[in-house]
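Have a look at the structure below, then the notes.
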Amino acid sequence: MKPLLAEASGWPGVDEHVVLPFAEAAGRSPQPPLIPLEGDVLLFAFLCAGLVGGFFLGYLYRSLFVETGERA
Numbered sequence: 006m007k008p009l010l011a012e013a014s015g016w017p018g019v020d021e022h023v024v025l026p027f028a029e030a031a032g033r034s035p036q037p038p039l040i041p042l043e044g045d046v047l048l049f050a051f052l053c054a055g056l057v058g059g060f061f062l063g064y065l066y067r068s069l070f071v072e073t074g075e076r077a
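If you read the sequence shown in the numbering used here, its first letter stands for residue 6, the second for the next number, and so on.
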């Protein structure tokens with residue numbers, strides 16, 4: 006008996022279910038990605054981008070949202 010999450014059911018992603026039918030209806034062939042990231046590398050890239058964005062947002066929070074520029 007295999008665990009439910011270990012099955013390779015092959016869930017189609019957005020590319021196969023949504024984008025591909027629209028591309029075929031328009032007469033276009035699928036294009037390769039600009040940056041071909043495989044597997045969990047894409048998740049790691051989003052994690053790094055979120056960390057960098059969160060750091061800058063946290064670092065600049067007061068100057069962006071609290072302080073108005075007028076000093077007493």
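Yeah, the Cβ is synthetic: ideal placement off N, Cα and C, and Gly gets one too. None of the values given here were measured: they were computed from a predicted structure.
Three-state secondary structure (DSSP) at Leu47?
Within the sequence shown, the letter at position 42 stands for residue 47. Here Leu47 sits in helix by DSSP.
How big is the Cα-Cα spacing for Gly55 and Phe49?
As a position in the sequence shown, residue 55 is number 50, starting the count at 1. As a position in the sequence shown, residue 49 is number 44, starting the count at 1. C-alpha separation (whole angstroms): 10 Å.
Coarse secondary structure for Arg33, derived from DSSP in three states:
Along the sequence shown, one-based indexing puts residue 33 at 28. The answer is coil: DSSP assigns Arg33 none of H, G, I, E or B.
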